[in-house]
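Here the structure is laid out as structure tokens; the discussion comes afterwards.
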Amino acid sequence: MSDSQRFPVAAHALAYMAHKGAFSPAQAAPSGVLASSIPTNPVVVRRVTALLAKAGLIATRPGATGGSWLLRQPEDIRLDEVLRAVNGCAHIGSPPAGAKGCPISEHIPRQVAKALTAADEAATEALSKITIADLLAENPMSLAAFTPHKSCPVAA
5 MSDSQRFPVA AHALAYMAHK GAFSPAQAAP SGVLASSIPT NPVVVRRVTA LLAKAGLIAT
65 RPGATGGSWL LRQPEDIRLD EVLRAVNGCA HIGSPPAGAK GCPISEHIPR QVAKALTAAD
125 EAATEALSKI TIADLLAENP MSLAAFTPHK SCPVAA
């Protein structure tokens with residue numbers, strides 16, 4: 005799975021667990037069910053839920069009666085935590101290596117890297133104001149000023 009897909013899959017899985025009330029092993033959401041909701045392969049879901057469990061956001065139980073459940077309330081799980089849990093960043097690219105001997109080419113990659121760091125920090129700051137509960141709400145304050153970006157596919 006690409007790095008760019010871990011965060012959306014993680015956010016979706018957490019929101020699904022919250023919606024279904026998966027707060028204990030008895031209410032665990034199986035990876036196959038989560039995968040159907042996203043939609044993706046259950047293996048992708050298991051990889052992401054393993055990262056979320058390692059971060060202490062969820063617990064998991066393997067096997068035929070297994071699944072995942074939230075360890076915290078959805079209003080207490082911020083999206084910047086989710087991003088960190090899946091080792092993600094607001095990755096908008098990488099600076100090119102540059103050509104040796106060219107003063108511009110040796111300078112620009114470092115400056116572009118700084119600009120990308122600034123963008124990542126701004127995205128992390130924005131995500132820190134949004135919770136899993138906000139994703140489930142119709143028009144939460146944290147997202148009220150935004151519409152989906154035209155390049156993001158949105159279900160009708």
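Each number in our numbering comes from the position in the sequence shown (counting from 1) with 4 added on. Idealized CB from N, CA, C, for every residue including glycine.
When DSSP assignments are scanned along the segment 48-123, the uninterrupted stretches of beta strand (DSSP E) that are 3 or more residues long and fall wholly within it turn out to be 62-65 and 71-74. Under a 10 Å Cβ-count criterion, A149 is classified as exposed, with fewer than 16 other Cβ atoms of the shown protein chains found around its own Cβ.
Burial state of G67 is exposed, judged by a 10 Å Cβ sphere holding fewer than 16 other Cβ atoms. Residue nearest to T128 within the set P113, A89, H111 and K104 is A89 (criterion: CA-CA distance).
Around the C-beta of T135, 16 or more other C-beta atoms lie within 10 Å, and the residue is accordingly described as buried. If you check the CB distance, R76 and L87 do not come in under 8 Å. The Cβ-Cβ distance between I42 and H16 falls below 8 Å. In chain order, A22, I136 and A137 place their CB closer than 6 Å to the CB of P78, counting only its own chain and leaving out the 5 sequence neighbours on each side. With 16 or more other Cβ atoms from the protein chains shown falling within 10 Å of its own Cβ, A14 counts as buried. Note that the C-beta distance between R10 and V52 is below 8 Å.
When DSSP reads this structure, A33 sits in a beta bridge with S72. Buried is the label assigned to S35, since at least 16 other Cβ atoms lie within 10 Å of its Cβ.
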